[in-house]
Structure formats: C-alpha cells, structure tokens
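Undergrad:
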Amino acid sequence: MASGREVLTADDVLSGVPELLPEVMVEATFPDGTKLITVHEPISPERRDGHLVPGEIFTVAGDIEINDGAESITLTVVNGGDRPVQVGSHVHLPQANAALQFDRDRAYGCRLDIPAGTAVRFEPGIEQTVQLVPLGGTREVYGLSMTPPGKLDS
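With our numbering, the residue at position 69 of the sequence shown is 80, and numbering never jumps.
Written out as structure tokens, the structure is:
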C-alpha cells in the first residue's frame with residue numbers, strides 16, 4: 012500500500028485535489044479472491060526519488076523471446092465452416108471452434124505459438140500451418156468445450 016502513495020504527487024493534480032481525497036479504496040483480485048485495499052493519503056505532497064510513474068513498464072534488459080525453449084509442434088488447420096474463425100493466444104486449441112479441422116488429439120495440451128493477447132484468423136476453406144506450444148502454468152483449462160474441465164495432465 013505504501014507504493015500506492017507514490018503514484019501521484021501534488022504536482023500531478025489540480026490544486027486542492029489532495030485535500031479532497033484523504034483515502035482511495037481499490038478492490039484488487041488475488042489468487043485467493045478479491046480484497047478491498049485502502050490507500051490513505053494517496054496523493055503524495057512531494058515527488059520522491061524512485062517514485063512510480065502510472066503505466067510505466069519495467070522489463071529485463073535485452074530482447075524477450077516468447078516461448079523460448081518450449082517444444083513446439085506444427086499442424087495444418089483448415090476452416091471447414093462458412094465464416095472466419097479467430098483463435099486467441101491462450102486457447103486450448105483442441106477446444107477451438109468445431110469448424111476447424113486438424114488433429115485435435117495431437118494438439119491436446121497446446122496453444123498457438125503467438126504473442127499473448129493476439130489471435131490467428133482462419134478463413135473458410137484456406138489451409139493454414141500453425142506452430143503450437145504446450146500450455147504452461149498449472150495446465151488447468153476451464154470453460155470452452157472441455158468436459159469435464161480441469162487439469163490437463165490428470
């Protein structure tokens with residue numbers, strides 16, 4: 012909560028605003044559920060060394076290669092439907108739209124090897140080759156068409 016006091020300073024807001032906001036409450040999501048966090052005196056009266064900049068992103072030095080070292084497989088996919096189908100970066104591919112024709116057994120436990128937040132569009136009747144990588148993390152899948160949902164490796 013202390014770092015929450017360093018996001019804004021009195022220099023960042025209109026005169027009088029710090030006095031109008033004695034506290035800010037934020038509902039934050041954590042692995043064990045949501046919690047209401049209160050930040051007292053959220054607008055710092057002065058800028059401090061090492062202050063946070065809203066939206067600032069810290070990364071490691073050098074280039075980051077996605078899925079570096081992950082085993083990948085190559086599959087050919089054809090959209091047998093009459094409408095385009097988009098598949099997002101973290102979709103368990105075997106659960107994707109039924110109009111997509113590919114070896115679903117071979118794709119079990121995998122997702123597209125593309126950057127997070129992006130998607131691949133499959134046009135009707137067009138054959139497309141894609142790279143797949145294993146799902147990471149806890150390898151649990153919920154939603155879509157998996158019955159029953161849960162751990163992939165159990």
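Positions of the beta carbon are idealized from the N, C-alpha and C atoms, including for glycine.
Measuring CA to CA, which of K162, N78, A107, I75 is closest to V89?
TA: Translated into the one-based positions of the sequence shown, residue 89 becomes position 78. Checking every option, the nearest Cα to that of V89 belongs to A107.
Undergrad: Do L155 and R117 have their C-beta atoms closer together than 8 Å?
TA: As a first step, residue 155 is located in the sequence shown; it is residue number 144 there, counting from the start. As a first step, residue 117 is located in the sequence shown; it is residue number 106 there, counting from the start. The answer is no: Cβ separation not under 8 Å.
Undergrad: If you follow the alpha helix (DSSP H) that P29 is part of, which residue opens it and which one closes it?
TA: Residue 29 sits at position 18 when you count from the first residue of the sequence shown. Residues 28–31.
Undergrad: Helix, strand or coil for P135? Go by DSSP, reduced to three states.
TA: On the sequence shown, position 124 is the one that residue 135 refers to. P135: strand per DSSP, three-state reduction.
Undergrad: Rank L163, Q142, G99 by C-alpha distance to the C-alpha of Y119 and give the top, closest one.
TA: Taking the first residue of the sequence shown as position 1, residue 119 is located at position 108. Measuring from the Cα of Y119, the nearest candidate turns out to be L163.
Undergrad: Do you know offhand how far I125's Cα is from G147's?
TA: Position 114 of the sequence shown, counted from the first residue, corresponds to residue 125. Position 136 of the sequence shown, counted from the first residue, corresponds to residue 147. Cα to Cα, the separation comes out at about 14 Å.
Undergrad: Whole angstroms is fine: what's the gap from E82's alpha carbon to T149's?
TA: Sequence index remark: in the sequence shown, residue 82 carries index 71 (1-based). Sequence index remark: in the sequence shown, residue 149 carries index 138 (1-based). Answer to the nearest angstrom: the Cα atoms are 17 Å apart.
Undergrad: Per DSSP, A21 is paired with what?
TA: Looking up residue 21 in the sequence shown gives position 10. In the DSSP output, where bridge partners are listed per residue, A21 has none listed.
Undergrad: Quick one: give me the first and last residue of the beta strand (DSSP E) that G99 is part of.
TA: For this step, residue 99 is matched to residue 88 along the sequence shown. Taken as a continuous stretch (DSSP letters only), the beta strand (DSSP E) holding G99 covers 96–99.
Undergrad: What do you reckon, are the CB atoms on P105 and P135 nearer than 8 Å?
TA: For the purposes of this step, residue 105 is identified with residue 94 of the sequence shown, where counting begins at 1. For the purposes of this step, residue 135 is identified with residue 124 of the sequence shown, where counting begins at 1. In this structure, P135 does not lie closer than 8 Å to P105 by Cβ.
Undergrad: Roughly how many whole angstroms lie between the Cα atoms of L123 and A109?
TA: Counting from one through the sequence shown, the residue named residue 123 turns up at place 112. Counting from one through the sequence shown, the residue named residue 109 turns up at place 98. When rounded, the distance between both Cα atoms is 16 Å.
Undergrad: List the residues that DSSP assigns as beta-bridge partners of S165.
TA: Start at 1 with the first residue of the sequence shown, and residue 165 comes out as number 154. In the DSSP output, where bridge partners are listed per residue, S165 has none listed.
Undergrad: Since L123 is in the beta strand (DSSP E), which residue starts that stretch and which ends it?
TA: Here residue 123 refers to the residue found at position 112 of the sequence shown. L123 -> beta strand (DSSP E) spans 121–123.
Undergrad: Helix, strand or coil for P145? Go by DSSP, reduced to three states.
TA: Locating residue 145 in the sequence shown gives position 134, counting from the first residue. Correct three-state label for P145: strand.
Undergrad: Identify the continuous beta strand (DSSP E) that holds N90 and give its terminal residues.
TA: Your numbering for residue 90 matches position 79 in the sequence shown. That run of the beta strand (DSSP E) goes 84–90.
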